[in-house]
Each structure stands twice: as C-alpha cells, then as structure tokens.
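Residue numbers (my numbering): 465 to 802.
Read the structure below first, then the notes.
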Amino acid sequence: MNIKSRIDRIPGGMMILPLFLGACLNTLAPNTGKFFGSFTNGLITGTLPILSVWFFCIGASISLKATPLVLRKSGVLVSVKILTAAMAGVIASWFIPADGITSGFFSGLSVLAIIAVMNDTNGGMYMALMQQYGTKEEAGAFCLMCLESGPFMTMVTLGIAGLAAFPWQTMVGALLPFLIGFALGNLDKDLRAFFTQGVSVMVPFFAFALGNNLNFSTILNTGLLGIVLGLAVIVVTGFMLVMADILLAKGNGTAGIGAASTAGAAVTVPPIIASIEPTFAPVAPSATALIATSVVVTALLTPPLTAWWARRFGVLSPRYQAAEAAKLSQPVGVAPAE
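Okay, structure coming up:
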C-alpha cells in the first residue's frame, strides 16, 4: 500500500500525522486510554517514558570524532540559535503575560511557545540540505544540533532569559539519558549503530502520545498564528544565523538559512516543561499546537530558500564555482593570487 512513502511526502510526516491522529482520538474519544488501560493506555499517555528512550538514542547517535572545523560551525549555529531564542523570549515577556494571550488574533501565544519554536533546529532537514547545497563540514555540523532536541536547552534558555528557574537535579535529569546514550555510543560503535536505529522509530510513538494532549479546538484556534510564528522563525533566526555563519563561522550563509527551522521534536517541549514547572501548564496545549504548525511551515519554506541562497551566494553560485576552478588550476606549490 506504500503507506510510509506517502507519509514521507508530508513535511515532517512521521511527526505531524501521528500527532494529528492522537488529537483526533483525544477530541472524539478522550477517555480511550482509561477505558482500555494496560498497554493501550501506556501508548496513549506514555509521553515521558517514550521520550526518555528517544533522547537516549539521540545521544548514542552522536560521534565525538569531529573535526575542529565541524565543531566550530556547529557550535556557532547552536549557540546563536539558543541566544536568539533567549532574546526573543525576553522581549516577548515585556508584552505577553505569564499565562499567555487569551483573546484576539494572538490568542494562545506565550513566551514558552516563542522560545521553544525558535530554540530547536530540524537537524535531519539541515543535514540533507547541506549535503546538497553546502560543504561536508557544514553537513557535519549536524553533530551538535542534536543537543537542541528535547527540553534541556529550552530550560537553559528560559534560565538565561530569567523567565524560570529549575533545580539542578531537574536540569541534570533532563540531560542524563542523553549523556548515558552519548557515552555508550562513543565507547562502542556497534552500540551506536544499534541505538541509532531507535531515533526514527520512536518518533511516531511519542508524537501520537503528544497528540492525545491536544484538542482540535486548540489546533484550529492557533492555525493561522502558527503560520505567522513559523515565518517569524525563518526571518528572525534566519537573519541571525546567516550573519553568524558569515562573520563567525567564515561560511557563505547557506548553513544559516538551512538551520532556520523548527524541529519536530520541539512539540515535545511544552508538555515536558509544564510537567516540571506547573506554572507553564495553562499555555502548554496551545504552545504545542503552534509549534506543530511551525514545523510544517519551516519544513516547506526552508529548503527552497536554502536552494535559492546557495545559487546566489553559496556553492552553486558562479562566483564560488569560479573560485574553486581557479584553485584546481593553480600549480602545486604556488600560492593562489590575492
């Protein structure tokens, strides 16, 4: 029936479709989990256990053996993305109340939604784009982007912005599964290969569980605002990342455009943060819906924008290709002309 290939045609399909199905179930039959109990209830309500395993597998997939150039590139992109999200959160906190906006077009918008939507980069899409439009080093920058997955960096960003304070035990606990997986993956390459398979496998399961915390009324109320938020991610983080890529990482800006997206894993952040800090509980459902829409918007728009930038300023531009041709034609041992 080619079900998977059809799902793959949808941007972020393995995340968005199970999330949608979970929302359908929660809207039409909200007590399904309690009714059946046992494993069915665990599948519907087991967001945190499933995500814990997923974070472990993410950690195991990262190799410590990366060149300094790759680490510099990925470090710049990750740091700038986090700092941009923190600045956006601080500015937003001047105008948005703690329990979010409750009326008008911006109803459902909260500081948590803004930080979470800007904090996480779609690492898989970034790597695919850089393999096509960037350099090997830029593609390898994916290695540190995995650190953005999950709630830890959002907790750090909320702390940097002075918008929340989390106990150190909670901070360590959010990172511990990732660190254990990272350690095992780097101690044994066979374990890394084994656990890496779980990264993509777990996605539809935690997405379905997350969807069971949403209601269609929330999704419909935040749909257009989610589109606007997705565009803001591309414009705001895209500008900052391009500048950082050119000025700090000595790139041509293509990697910055490629990183201007929202990761599917970002939809996991609001409910987890709310479970840790109850003051965010009222805004978590609308924040999750906004982020889910932003995931789709950035998945649709970031690839063509990256391709356009690469043709104008990147590896596909006439200027870049002429420079590369000049290097190849230069006699060995002769320094290129300034």
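Backbone N, C-alpha and C fix where the C-beta goes; we use that ideal spot for every residue, glycine too.
Since the structure is predicted, the reported quantities are computational estimates derived from the model, not experimental observations.
query: Contact between the region 774-791 and the region 591-598: three or more CB pairs below 8 Å?
result: Touching, per the Cβ criterion.
message: For A719 and G598, what's the separation of their Cα atoms in angstroms?
response: Counting from 1 along the sequence shown, the entry for residue 719 is found at position 255. Counting from 1 along the sequence shown, the entry for residue 598 is found at position 134. If you take the alpha carbons of A719 and G598, they lie about 7 Å apart.
- prompt: Taking Cβ positions, are P734 and A751 nearer each other than 8 Å?
  reply: Taking the sequence shown and counting its residues from 1, one reaches residue 734 at position 270. Taking the sequence shown and counting its residues from 1, one reaches residue 751 at position 287. A contact, by the Cβ cut-off of 8 Å.
query: For M704, is the classification buried or exposed, using 16 other Cβ atoms within 10 angstroms of its Cβ as the cut-off for buried?
result: Walking along the sequence shown from the start, residue 704 turns up at place 240. Its Cβ being crowded by 16 or more others within 10 Å, M704 is buried.
- prompt: Under three-state DSSP, which class holds T566?
  reply: One-based indexing of the sequence shown puts residue 566 at position 102. In the structure shown, T566 sits in coil (DSSP, three-state: anything other than H, G, I, E or B).
message: Below 8 Å, how does it come out for the region 495-504 and the region 686-695: are there three or more Cβ pairs, yes or no?
response: Cβ pair count under 8 Å is below three, so no.
message: Which residue marks the beginning of the alpha helix (DSSP H) containing M619, and which one marks its end?
response: On the sequence shown, residue 619 is found 155 positions in, with the first residue counted as 1. Residues F616 to I624.
- request: Would you decide whether L764 is buried or exposed? Buried here means 16 or more other CB atoms lie within 10 Å of its CB.
  value: Counting from 1 along the sequence shown, the entry for residue 764 is found at position 300. The residue is exposed, with fewer than 16 neighbouring Cβ atoms inside 10 Å.
- prompt: What does a CB cutoff of less than 7 Å around T621 pick up in its chain, not counting 5 residues either side in sequence?
  reply: As a position in the sequence shown, residue 621 is number 157, starting the count at 1. Result list for T621: I546, A549, A550, G553, I579 and N583, in chain order.
task: Let me know the secondary structure DSSP gives A730 once reduced to three states.
output: Counted from its first residue, the sequence shown places residue 730 at position 266. Helix at A730.
query: Do T585 and A713 have their C-beta atoms closer together than 8 Å?
result: What you label residue 585 is simply residue 121 of the sequence shown in a count that begins at 1. What you label residue 713 is simply residue 249 of the sequence shown in a count that begins at 1. It is not a contact, given that the beta carbons lie outside the stated cut-off.
field: Extent of the continuous alpha helix (DSSP H) to which W773 belongs
entry: If you number the sequence shown from 1, residue 773 lands on position 309. A748 to R776 is the extent of the alpha helix (DSSP H) around W773.
query: Given T660, which residues of its chain have a CB within under 7 Å of its CB, disregarding the five upstream and five downstream residues?
result: Position 196 of the sequence shown holds residue 660. The beta carbon of T660 sits closer than 7 Å to those of C521, A524 and S525, all from its chain and outside the five residues before and after it, given in chain order.
query: So the alpha helix (DSSP H) T634 belongs to, where does it begin and stop?
result: Position 170 of the sequence shown, counting from 1, holds the residue named residue 634. Per DSSP, the unbroken alpha helix (DSSP H) holding T634 starts and ends at W632 to L651.
- request: Have a look at V759 and S527 and give me their C-alpha separation to the nearest angstrom.
  value: To locate residue 759, count along the sequence shown from 1; it is residue 295. To locate residue 527, count along the sequence shown from 1; it is residue 63. Here the alpha carbon of V759 sits roughly 26 Å from the alpha carbon of S527.
message: Once DSSP output is grouped into helix, strand and coil, what is the label at L576?
response: Taking the first residue of the sequence shown as position 1, residue 576 is located at position 112. Here L576 sits in helix by DSSP.
message: Suppose only complete runs of 4+ residues qualify. What are the alpha helix (DSSP H) ranges in the region 495-556, listed by chain order?
response: Listed in chain order, they are 496-500, 502-509 and 511-524.
query: How big is the Cα-Cα spacing for G477 and P782?
result: Numbered from its first residue, the sequence shown carries residue 477 at position 13. Numbered from its first residue, the sequence shown carries residue 782 at position 318. Cα to Cα, G477 sits roughly 35 Å from P782.
query: Which full runs of the alpha helix (DSSP H) of 4+ residues lie inside the region 665-747, going along the chain?
result: The region 665-747 contains these whole alpha helix (DSSP H) runs: 680-696, 702-711, 718-722 and 733-740.
field: First and last residue of the uninterrupted alpha helix (DSSP H) at A486
entry: Counted from its first residue, the sequence shown places residue 486 at position 22. According to the sequence shown, residue 486 is Gly rather than Ala. Judged by DSSP secondary structure, G486 falls within the alpha helix (DSSP H) whose first and last residues are G477 to L492.
- prompt: What are the boundary residues of the alpha helix (DSSP H) that R470 is part of?
  reply: Stepping through the sequence shown from its first residue, residue 470 is reached at position 6. Element bounds for R470: I467 to D472.
message: On the CB-based measure, 16 or more other CB atoms within 10 Å of its CB, does G626 come out buried or exposed?
response: Counting from 1 along the sequence shown, the entry for residue 626 is found at position 162. Counting Cβ neighbours within 10 Å, G626 comes out exposed, since fewer than 16 surround it.
- prompt: Using a Cβ-Cβ distance under 8 Å, would S469 count as near chain B?
  reply: No chain B is part of this structure, which consists of one protein chain only.
message: At the level of alpha carbons, what is the spacing between T701 and I508?
response: Position 237 of the sequence shown, counted from the start, is the residue given in the question as residue 701. Position 44 of the sequence shown, counted from the start, is the residue given in the question as residue 508. CA-CA distance, T701 to I508, rounds to 34 Å.
Beta-carbon separation (whole angstroms), A729 vs I480, contact threshold 8 Å: Counted from its first residue, the sequence shown places residue 729 at position 265. Counted from its first residue, the sequence shown places residue 480 at position 16. The C-beta distance from A729 to I480 rounds to 12 Å, too long to fall under 8 Å, and the pair is not in contact.
message: Can you look up N583 in the DSSP assignment and give me helix, strand or coil?
response: Counted from its first residue, the sequence shown places residue 583 at position 119. Here N583 sits in helix by DSSP.
query: Looking only at its own chain, which residues have a Cβ that is under 6 Å from the Cβ of F669, when we skip the five neighbours before and after it?
result: Here the question's residue 669 lines up with position 205 in the sequence shown. Same-chain partners within the cutoff: I514.
query: Three-state secondary structure (DSSP) at F658?
result: In the sequence shown, counting from the first residue as 1, residue 658 sits at position 194. In the structure shown, F658 sits in a helix (DSSP, three-state: H, G or I).
message: So, for G778: in the same chain, excluding its five sequence neighbours on each side, which residues have a beta-carbon less than 8 Å away from its beta-carbon?
response: Position 314 of the sequence shown, counting from 1, holds the residue named residue 778. If we look at G778 and ignore the five residues flanking it on each side, its Cβ neighbours are Y597, G598, N716, G717, T718 and Y784.
- prompt: With a Cβ-Cβ cutoff of 8 Å, do L807 and L754 count as a contact?
  reply: For the chain, the structure presents residues 465 to 802; residue 807 sits outside this window and is missing.
- prompt: Among T491, V581 and F519, which residue has its Cα nearest to the Cα of V761?
  reply: As a working note, residue 761 is residue 297 in the sequence shown. Considering only alpha carbons, the answer is V581.
- request: Report the option in S469, A629 and G722 whose CA atom is closest to the CA atom of A603.
  value: Sequence index remark: in the sequence shown, residue 603 carries index 139 (1-based). That would be G722, whose Cα lies nearest to the Cα of A603.
query: When we look at the beta-carbon of R473 and count the other beta-carbons within 10 Å, is it buried (16 or more) or exposed?
result: Mapped onto the sequence shown, residue 473 falls at position 9. Result: exposed.
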